[in-house]
Amino acid sequence: MRFRCLTYSGLLGKVKPAVRFLATAGAGSTKSPIGIVQTTTSSIYTTTELDPQYDLTKWGPAAKTLFSMHPSYIHPSELNYGLPTNGVPEFAFVGRSNVGKSSLIDALMGNRKLVNVSKEPGCTRSINYYGLSKEKTGKDYSAYFVDLPGYGFARKSKEEQQKWTNMIHQYVSSRDQSVLRRVFVLVDSRRGINNHDATMMDTLNKTFIPYQIVFTKVDLTSKQELYTSLGQAFSVINSSMGGACLPFIPTLSTVDKTGLDHFKLTMGEIYGQKW
1 MRFRCLTYSG LLGKVKPAVR FLATAGAGST KSPIGIVQTT TSSIYTTTEL
51 DPQYDLTKWG PAAKTLFSMH PSYIHPSELN YGLPTNGVPE FAFVGRSNVG
101 KSSLIDALMG NRKLVNVSKE PGCTRSINYY GLSKEKTGKD YSAYFVDLPG
151 YGFARKSKEE QQKWTNMIHQ YVSSRDQSVL RRVFVLVDSR RGINNHDATM
201 MDTLNKTFIP YQIVFTKVDL TSKQELYTSL GQAFSVINSS MGGACLPFIP
251 TLSTVDKTGL DHFKLTMGEI YGQKW
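In UniProt numbering, the protein residues as written are 1 to 275.
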């Protein structure tokens, strides 16, 4: 399968960091420190070999088009209890239980309460599609947001957890890159990447579907905690070079809206690319 990486294609070049710091690969690690740059779009972090001066704002029109459309929940019966076959671009969101997936999708859709947001882990138990249409009551969708089941919830049986894992694997392995434009792996910025996240990343690396780590709940994270989690995340990404993970980590909060506008620009760039 051919891996196509379109987003951030213009980033290679001279580094002109707005903020630069070193984060160790982890406690007790013998690896060299990892250089991390905070981009001029203040909520996206990347490694030092890439140019943080890349201007995402040029994708504003594409982002405006995407997020001015009318969202709606799509009942499984509307899809004949399968997956769409119309080739419409999909953005999938995955992460461990209670990481803030549903809250982020709801925020991206304008807080319309279309998504069942719960404080209890394990609320999302199936693949949920949300369609974006140019017409308020239309079914001619131009994009889909896909809410995948959460993983790693200890209170569920191993059988049910495995069922969710298999469901996610079957979904990502069955979608072409021209359809599934990006998978966003959401990670709690206070805790960093755990074994469940690493397993999901390994699954995505094998499918060659482009994906990104996204840090959530940064309103609850101190700067030092964030730097430590970023260093650990880039260490994991660097250890799986040749995979499908893009080395750009947006940092978001749905509470105080930190990073949401820049994240929309990122999605606008993906949506605006020609395939």
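Where a beta carbon is used, it is the ideal one built from N, C-alpha and C, also for glycine.
In this text the structure is predicted, and so the values were computed from the model without any measurement.
- According to the DSSP secondary-structure assignment, HIS70 is paired through a beta bridge with SER133.
- Setting aside the 5 residues that flank it on each side, THR199 has no residue in the same chain whose C-beta is closer than 6 Å to its C-beta.
- If the five residues before and after LYS136 are omitted, its C-beta is found closer than 8 Å to the C-beta atoms of HIS70, all from its own chain and listed in chain order.
- Taking LYS264 as the centre and dropping the five residues before and after it, the same chain places the C-beta of ALA63, LEU66, PHE67, LEU108 closer than 8 Å to its C-beta, in chain order.
- Here ALA107 carries a helix assignment [DSSP, helix/strand/coil].
- Under DSSP, the beta-bridge partners assigned to TYR211 are VAL183, CYS245.
- A contact is defined here as three or more CB-CB pairs under 8 Å, and the region 180–189 meets this definition with respect to the region 89–96.
- No Cβ-Cβ contact shorter than 7 Å links PHE215 with THR266.
- Here LEU79 really is in contact with TYR129; their C-beta atoms are around 7 Å apart, less than 8 Å.
- Separation of GLU225 and GLY231 (C-alpha to C-alpha, rounded to the nearest whole angstrom) is 10 Å.
- Judged by their CB atoms, THR221 and HIS169 are not nearer to each other than the 7 Å cut-off.
- Its chain contains TRP275 as the residues whose beta carbon lies nearer than 6 Å to that of SER178, once the 5 sequence neighbours on both sides are disregarded; these appear in chain order.
- Nearest Cα to LYS101 within the set VAL88, GLY110, VAL115, PRO89: VAL115.
- Taking the Cα positions, ASP256 is about 14 Å away from GLY110.
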